[in-house]
Amino acid sequence: MEYSKNVVNLRVVLFCAISFNLGISSSLRSSADERHQYRAADSATSAASSRESEQLQHPEASPLLVAESQILGSLETAENEIYDSDESNLLRTPLDRGPYFDLSASKNITALVGKTAYLNCRVKNLGNKTVSWVRHRDIHLLTVGRFTYTSDQRFQSVHNPQTDDWSLQIRYPQKRDTGVYECQISTTPPVGHSMHLSVVEPVTVVVGGPDIYINTGSTVNLTCVVRNSPEPPSTIIWTHNNQEINYDSPRGGVSVITEKGETTTSYLLIQRAKGTDSGKYVCSPSNANSYFINVHILNGEHPEAMQHGGQLRIGDPLHVFVFVIITLVASGR
Numbered sequence: 005m006e007y008s009k010n011v012v013n014l015r016v017v018l019f020c021a022i023s024f025n026l027g028i029s030s031s032l033r034s035s036a037d038e039r040h041q042y043r044a045a046d047s048a049t050s051a052a053s054s055r056e057s058e059q060l061q062h063p064e065a066s067p068l069l070v071a072e073s074q075i076l077g078s079l080e081t082a083e084n085e086i087y088d089s090d091e092s093n094l095l096r097t098p099l100d101r102g103p104y105f106d107l108s109a110s111k112n113i114t115a116l117v118g119k120t121a122y123l124n125c126r127v128k129n130l131g132n133k134t135v136s137w138v139r140h141r142d143i144h145l146l147t148v149g150r151f152t153y154t155s156d157q158r159f160q161s162v163h164n165p166q167t168d169d170w171s172l173q174i175r176y177p178q179k180r181d182t183g184v185y186e187c188q189i190s191t192t193p194p195v196g197h198s199m200h201l202s203v204v205e206p207v208t209v210v211v212g213g214p215d216i217y218i219n220t221g222s223t224v225n226l227t228c229v230v231r232n233s234p235e236p237p238s239t240i241i242w243t244h245n246n247q248e249i250n251y252d253s254p255r256g257g258v259s260v261i262t263e264k265g266e267t268t269t270s271y272l273l274i275q276r277a278k279g280t281d282s283g284k285y286v287c288s289p290s291n292a293n294s295y296f297i298n299v300h301i302l303n304g305e306h307p308e309a310m311q312h313g314g315q316l317r318i319g320d321p322l323h324v325f326v327f328v329i330i331t332l333v334a335s336g337r
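In terms of this note's numbering, the sequence shown is residues 5 to 337.
Here it is in structure tokens:
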């Protein structure tokens, strides 16, 4: 009986020992499994980091990463552009602006009939874009790049790469060519700058023509007026009977005063008029048409002969006084 009890007790002890060992083994296995899982997770994380690093070094290996980089780059560029816009483009370099017009070199012009005219268009940062010229009157394309697209061969594009100028050349311009012309850049959408061309024909007139009558001994004042000229004539030549007047001739008393401006006026003064001063006088501006007048020096004729066709009597005392004042001013110069 006592033997049986001992056997039972032994079995209980053995069972407890085995259970305890099994528990320790299970716990050890769980710890090992957890350590293995941690190592696996660390390895996976390291591998992912390694792959990401490799993808950054070789973006072609990951289209998604490339797309992401491009999107981020675009957002950064847009952000920079917005910032630049807020700063009124002060932070942007000229190369960032794209094509633009230099308005200081692209202005309205006035040209003479028959004298070649140039409308200038200065374009900076043109790049691979092209410059075209369009006439507003009929929305007619005149030139593209250096090529002429109109049958009117008077129009031609002239490019100066040193100054970035694209000029529209118009040979033999006529009054009908007056109007608005636009210089365009082939951006999307196109941008343009308009200029106005005025084609004028200068007019030359000698006051009192075509004939004037002067008393002997009076002062002759021939007044030549040049209007509608884009710039004053560089010279005005007076001739008498087809000979250029010599202001230093032995006769003396002959002088000229020229006042230049929008309207240019030239005064030819001849003191102490005599018979040999009669004849045809021509005023010839360098940039306008010539105009002639016939001068008749009278010797004791009746005062009524001082008028012809309602023209002013140049020999009247009042006008003689004015001419003398002008002469004195000319002498002072």
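From the three backbone atoms N, C-alpha and C, an ideal C-beta is built for every residue, glycine too.
Asked, Found
"Residues near Tyr-122 by beta carbon distance below 6 Å, same chain, minus five either side", "Ser-171, Gln-173"
"Integer-rounded CB distance, given that Lys-278 should sit under 8 Å from Thr-220", "6 Å"
"Span separating the alpha-carbon of Asn-303 from that of Ile-261", "27 Å"
"Cβ-based burial, Leu-273 [other Cβ within 10 Å; buried from 16]", "buried"
"Gly-279 - DSSP class collapsed to helix/strand/coil", "helix"
"Test item: CB-CB of Pro-236 and Thr-268 under 8 Å", "yes"
"Burial state of Val-184, where buried means 16 or more other Cβ atoms lie within 10 Å", "exposed"
"Sequence ranges, alpha helix (DSSP H) only - wholly within the segment 109 to 197, length at least 4", "none"
"Local Cβ density within 10 Å of Glu-263, reported as buried at 16 or more and exposed below that", "exposed"
"Minimum C-alpha distance to Leu-226 - residue among Asn-298, Leu-116, Gln-188, Thr-134", "Asn-298"
"DSSP state of Arg-101 mapped onto helix, strand, coil", "helix"
"Exposure label - Ser-290; buried when at least 16 CB within 10 Å", "exposed"
"Leu-130 and Trp-137 closer than 8 Å at C-beta", "no"
"Beta-carbon contacts of Thr-182 that lie in its chain and below 7 Å, excluding the five residues immediately before and after", "Leu-201, Ser-202, Val-203"
"Gly-118 beta carbon near the ligand GTP (any heavy atom closer than 7 Å)", "In the structure shown, the ligand GTP is absent, as is every other ligand, since no ligand is present at all."
"DSSP three-state assignment for His-62, whether helix, strand or coil", "Note that His-62 has pLDDT 44, beneath the 50 cutoff, so the model's placement of it is unreliable and the number below is only indicative. In the structure shown, His-62 sits in coil (DSSP, three-state: anything other than H, G, I, E or B)."
"Anticipated Cβ contact below 8 Å, Ser-288 with Ile-240, distance rounded", "7 Å"
"Candidates Asp-156, His-140, Asp-168, of which the one nearest Gly-149 by Cα", "Asp-168"
"Whether Tyr-295 touches Val-224 by CB criterion (8 Å)", "no"
"Beta-carbon proximity check, His-197 vs Ser-110, cutoff 8 Å", "yes"
"Residues near Tyr-251 in its chain [Cβ-Cβ closer than 8 Å; skip 5 each side]", "Val-258, Ser-259, Val-260"
"Anticipated Cβ contact below 8 Å, Pro-177 with Ala-115, distance rounded", "5 Å"
"Any C-beta of chain B under 8 Å from that of Cys-228", "Of the protein chains in the structure, only one exists, and it is not chain B."
"Through-space distance from Asn-124 to Pro-214, alpha-carbon basis", "42 Å"
"Burial state of Phe-159, where buried means 16 or more other Cβ atoms lie within 10 Å", "buried"
"Nearest-angstrom Cα separation, counted from Met-199 out to Asn-112", "5 Å"
"Among Phe-151, Thr-134, Arg-141, Ile-143, the one whose alpha carbon lies nearest that of Lys-190", "It is Ser, not Lys, that sits at residue 190 in the sequence shown. Nearest C-alpha to Ser-190: Thr-134."
"Bridge partner(s) assigned by DSSP for Glu-263", "Thr-269"
"Beta strand (DSSP E) segment containing Ile-301, residue limits", "295 to 302"
"DSSP beta-bridge partners of Ile-216", "Val-299"
"Residue from Ser-253, Gln-157, Ala-292, Asn-232 with nearest C-alpha to Ser-238", "Ala-292"
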